[in-house]
Amino acid sequence: MGAVGLGCMPMSWAYSSSQQRGERSLRTVHSALDAGSSLLDTADMYGPFTNELLLGRVLKERRADAFVSTKAGLLVGDQHIVANGRPGYVKRACDASLRRLQTDVIDLYQLHRADPEVPVEETWGAMAELVGAGKVRALGMCAVGARASRRSGGDLYAGTIRQLERMQQVFPVSTVQAELSVWSPQALERLLPWCEARGVGFLAATPLGNGFLTGTLTPGQGFEPDDVRARHPRFTAEMMAANQPVVAGLRRVAARHGGGVTPAQVALAWVLAQGRHVVPVPGTKRPEWAVENAGAWKLELTAYDLAEIAALPPARGSWD
Ligand SMILES: NC(=O)c1ccc[n+]([C@@H]2O[C@H](COP(=O)([O-])OP(=O)(O)OC[C@H]3O[C@@H](n4cnc5c(N)ncnc54)[C@H](OP(=O)(O)O)[C@@H]3O)[C@@H](O)[C@H]2O)c1
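So for the sequence shown, full-length UniProt numbering puts the first residue at 1; every next one is plus one.
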């Protein structure tokens, strides 16, 4: 599996729908695979469903090149997104994902969110049965956002870790997916060490800070209403301006390496430097960015680079 994955979400979800183009997205997936990003991260709710359908068109032709990672457990309704962790539902969702992805096995099946109405052991047990049935190779848990963890009391990710420990009693957790980037390093404190100590892989979601860390966004540029950044506290003109020192730091490190290294690659190399068990899944719908991101593994940050990044001012604006 390549060191850097491809997050497929922006092709059909969370970012301006006016920018989403099917044919370009298909080329993006092919380019990522050609460049060595074999882990393709999707979810049934991206679209909903269209992201998996898109990937299915690629997988039909080149299943052997890809490591397919999808998710279940969130339903998109008219007004709200709701969790559904009922065993029967999760099993049906898996069959539907297999059909859309045009494959007979999912490499990594992740629980997108635990359902507060269903004991997580029941959901996880049903997912374990999918492994037994040969439909899924391994199971992962998503812990994106810290709010849920805070609500359940204690430190950041304390609730997540308690939940993971309950799940481990039922069936091994192979991966945890949570946000990790230069400007959202919170998972480093407890979640990453928890994973490392147990041989659990870590999928770093949103490793480019929703694009901010690439240095291609301009304070005050505005976002379309269906783009998550239109409501994200760090993407107001004021906060984007206030956080420019973070981008400036990544630019300095990139410039020192020369050879066309970009701030995006520095941001991804920083994530890679957090442990051998960490795989960043940068999201893009553009072939050229997929190739650029895939190349980040070649960039080895020095101790000086890492110290400079560690000394950058903490991000302004609420994280979640
Ligand atoms: N489990 C979960 O609940 C969860 C939640 C969030 C994210 N994720 C996963 O994490 C993945 C990544 O997260 P994300 O997409 O939200 O955030 P991200 O990877 O931090 O940033 C994506 C944004 O950066 C832009 N971009 C990507 N590469 C670039 C480059 N080299 N230069 C300039 N801009 C670049 C993209 O633009 P374009 O879109 O225009 O290409 C997009 O706007 C998702 O695809 C998904 O797989 C999972």
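Virtual Cβ for every residue (Gly too), placed ideally from N, Cα, C. Just so you know, these numbers come straight off a predicted model, no measurement behind them.
Of the residues the options, which one's Cα is nearest the Cα of residue i?
| i | options | result |
| --- | --- | --- |
| Met-11 | Tyr-89, Thr-103, Leu-55 | Leu-55 |
| Leu-156 | His-30, Leu-188, Ser-38, Ala-3 | Leu-188 |
| Thr-68 | Arg-62, Leu-250, Leu-40 | Note that residue 68 corresponds to Val in the displayed sequence, not to Thr. If we check each option's Cα against that of Val-68, Leu-40 comes out closest. |
| Ala-241 | Gln-163, Leu-75, Thr-218, Asp-226 | Thr-218 |
| Cys-94 | Gly-77, Met-239, Ala-138, Ala-66 | Ala-138 |
| Ala-269 | Val-246, Ala-294, Glu-288, Gly-283 | Ala-294 |
| Phe-49 | Ser-31, Gln-19, Arg-27, Cys-8 | Cys-8 |
| Arg-256 | Tyr-304, Lys-285, Thr-284, Glu-61 | Tyr-304 |
| Leu-108 | Phe-202, Gln-79, Arg-190 | Phe-202 |
| Gly-260 | Arg-276, Leu-299, Phe-223, Thr-284 | Leu-299 |
| Ser-97 | Arg-276, Asp-44, Val-76 | Asp-44 |
| Gly-132 | Thr-302, Gln-79, Ile-106 | Ile-106 |
| Gln-186 | Ala-3, Gln-79, Gln-274 | Gln-274 |
Please state whether DSSP places residue i in a helix, a strand or coil.
| i | result |
| --- | --- |
| Gly-201 | strand |
| Asp-226 | coil |
| Leu-111 | strand |
| Asp-104 | coil |
| Ser-37 | coil |
| Gly-249 | helix |
| Pro-207 | coil |
| Ala-133 | coil |
| Phe-67 | strand |
| Ser-318 | coil |
| Pro-219 | coil |
| Leu-299 | coil |
| Ser-18 | helix |
| Pro-10 | helix |
| Ala-148 | Note that Ala-148 scores a pLDDT of 46, beneath 50, so its modelled location is shaky; the value from the coordinates is reported in the next line. Of the three classes helix, strand and coil, the one that applies to Ala-148 here is helix, per DSSP. |
| Gly-153 | Its pLDDT being 49, under 50, Gly-153 is placed unreliably by the model, and the measurement read from it follows with that caveat. In the structure shown, Gly-153 sits in coil (DSSP, three-state: anything other than H, G, I, E or B). |
| Gly-283 | strand |
Tell me where the beta strand (DSSP E) around residue i begins and ends.
| i | result |
| --- | --- |
| Met-141 | 136 to 142 |
| Val-176 | 175 to 179 |
| Pro-116 | Per DSSP, Pro-116 belongs to no beta strand (DSSP E) and is neither H nor E. |
| residue 321 | Residue 321 falls outside the range modelled here, since the chain spans only 1 to 320, and no answer is possible. |
| Trp-237 | The identity of residue 237 in the sequence shown is Ala, whereas the question assumes Trp. It is not in any beta strand (DSSP E) - Ala-237 instead sits in the alpha helix (DSSP H) that spans 237 to 242. |
| Val-278 | 278 to 280 |
| Val-82 | 81 to 83 |
Only counting the same chain, and skipping five residues up and downstream in sequence, which positions put a Cβ closer than 6 Å to that of residue i?
| i | result |
| --- | --- |
| Gln-221 | none |
| Glu-179 | Val-144, Ala-205, Thr-206 |
| Gly-5 | Ser-37, Leu-39, Asp-41, Val-279, Val-281 |
| Ala-35 | Val-291, Ala-294 |
Within the same chain, show all residues whose beta-carbon is closer than 7 Å to that of residue i, passing over the 5 residues directly before and after it, in chain order.
| i | result |
| --- | --- |
| Trp-13 | Tyr-46, Gly-47, Asn-51 |
| Leu-208 | Ser-181, Thr-214, Ala-264, Ala-267, Pro-282 |
| Ser-31 | Pro-287, Ala-290, Val-291 |
| Leu-26 | Leu-54, Arg-57, Val-58 |
| Arg-251 | Gly-215, Pro-263 |
Alpha carbon to alpha carbon, how far is residue i from residue j?
| i | j | result |
| --- | --- | --- |
| Cys-195 | Val-253 | 29 Å |
| Arg-316 | Arg-231 | 15 Å |
| Gln-135 | Arg-92 | The amino acid occupying residue 135 in the given sequence is Lys; Gln does not appear at that position. Lys-135 and Arg-92: Cα-Cα distance of roughly 12 Å. |
| Ala-125 | Phe-171 | Per the sequence shown, the amino acid found at residue 125 is Gly instead of Ala. Distance between the alpha carbons of Gly-125 and Phe-171 is about 7 Å. |
| Ser-17 | Leu-101 | 22 Å |
| Glu-288 | Glu-117 | 43 Å |
| Asp-65 | Ile-161 | 33 Å |
| Leu-312 | Gly-22 | 38 Å |
| Asn-210 | Gln-168 | 31 Å |
| Gln-177 | Gly-140 | 7 Å |
| Arg-62 | Lys-71 | 21 Å |
| Ser-174 | Glu-129 | 15 Å |
| Pro-119 | Val-82 | 16 Å |
| Met-1 | Glu-238 | 40 Å |
| Tyr-15 | Thr-28 | 16 Å |
Just to confirm my understanding: we take residue i, look at its own chain, exclude 5 residues before and 5 after, and list those with CB closer than 8 Å. What are they?
| i | result |
| --- | --- |
| Thr-123 | Gly-73, Gly-85, Arg-86, Pro-87, Val-90, Leu-111, Ala-114, Asp-115 |
| Asn-243 | Trp-183, Phe-212, Arg-234, Ala-315, Arg-316, Gly-317 |
| Thr-236 | Gly-317 |
Could you check if residue i belongs to the surroundings of ligand 3, using beta carbon to heavy atom distance under 7 Å?
| i | result |
| --- | --- |
| Gly-260 | Inclusion of ligand 3 in the displayed structure is not the case, the ligand content consisting of ligand 1 alone. |
Taking residue i as part of the alpha helix (DSSP H), name the residues at either end of that continuous run.
| i | result |
| --- | --- |
| Asp-305 | 303 to 310 |
| Pro-287 | 287 to 294 |
| Val-266 | 263 to 272 |
| Ala-158 | 158 to 170 |
| Val-58 | 50 to 62 |
Spell out whether any CB of chain C is found under 8 Å from the CB atom of residue i.
| i | result |
| --- | --- |
| Ala-241 | Note that chain C does not occur in the displayed structure, where there is just one protein chain. |
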